[in-house]
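Numbering (our numbering), first residue to last: 60 to 397.
Shown next, in the form of structure tokens:
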């Protein structure tokens, strides 16, 4: 306790010093300025270790729905905690949030105490720490999505984070009234805007990736009716097309939240039609009397199956493959009788 108190005193003194000289010196001693905030949180946790342990002991381990008697009980515990620790309501609220099935329900403590549901009233109170935590969590997810896009992570990892954002934002906005021109509203709008830009960045090259996957990277067709006139198909291009399509299809659920619904559905429609057009040309080309062209068309059709599964499902992919096999059988029959 003495150690944590001394550290908190040192941090406070450094931050209040003129010219920030003491703050810079303390930051250097701790490692860097970013560590200063971590040190503060650690010191607070150490100083309030007994109170934190008591809260963790008294709160239910898991809360499916924060309402009724459970809500009343949690509010009583919260009032007891902030009467002892008035400067750090966020500690109790963070522990409570971690026990909730629906984390947005942490806002119900503030609603119960203030008898208000609008964000401006809650944000202006000390209970607004709950909203700050939720918004910070959403902003962190946006940052993680940005990093995942930059590092070209698999579609499933990006979509997982998008679902987390969607869930958190939906819970937050369903618990309180958000003024989109207010402080919290502006932060939510900005977070959604950033995700929308990242989604567009990922899905805008889908058609080019499909073309490279099914017709060959950098290929120039001799004829629009002859998709077989292509370079060798590249497995990496197919994986890129699969990844982009998975993100496109998987982001449909976010479209409405991000005002991207129309654009996403248009992208899906256009790319489905594009895959269909290549598929039909391939099936026609399989019947070509040139063995090389027929084999190239069959290879392209086989490559397209994974994309068809993503957009239209397993049943449609199986149907397309059977059509390709039938076209090949017809060619064999013609050659046998010819």
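Don't be surprised by glycine CBs; every beta carbon is placed ideally from N, CA and C.
- From the listed residues 254, 111, 271, the smallest Cα separation to residue 333 is found for 271.
- Looking at 192, 117, 214, the one whose alpha-carbon comes closest to that of residue 369 is 214.
- Selection 125, 385, 236, 305 evaluated against residue 342 yields 385 as nearest (Cα-Cα).
- With respect to the 8 angstroms criterion, residue 165 and residue 159 are classified as neighbours on the basis of their beta carbons.
- Following the DSSP letters along the chain, one finds residue 333 inside the alpha helix (DSSP H) bounded by residues 320–345.
- Around the Cβ of residue 126, a 10 Å sphere holds fewer than 16 other Cβ atoms; the residue is exposed.
- With fewer than 16 other beta carbons inside 10 angstroms of its own, residue 131 counts as exposed.
- According to DSSP, residue pairing for residue 236 in a beta bridge involves 177.
- Contact check for residue 181 and residue 169: beta-carbon distance about 5 angstroms, within the 8 angstroms limit, so the pair qualifies.
- Beyond the five residues adjoining it in sequence on each side, residue 346 comes within less than 6 angstroms, by CB distance, of 386, 390 in the same chain, given in chain order.
- Between the segment 133–150 and the segment 203–219, the count of Cβ pairs shorter than 8 angstroms is below three; the stretches do not touch.
- Judged by their CB atoms, residue 356 and residue 367 are not nearer to each other than the 8 angstroms cut-off.
- For residue 200 and residue 221, the gap between their C-alpha atoms comes out near 8 angstroms.
- Contact between residue 261 and residue 303 holds, with the beta-carbon distance rounding to 6 angstroms and staying under 8 angstroms.
- The criterion of a C-beta distance shorter than 8 angstroms is not satisfied by residue 178 and residue 251.
- Within the model, the alpha-carbon separation for residue 174 versus residue 372 is close to 49 angstroms.
- Residue burial is scored here from C-beta neighbours: residue 292 has at least 16 other C-beta atoms within 10 angstroms and is therefore classed as buried.
- Comparing C-alpha distances from residue 191 to each of 233, 140, 244, 161 shows the shortest one belongs to 244.
- A check of alpha carbon separations from residue 381 across 349, 339, 351, 352 identifies 339 as the nearest.
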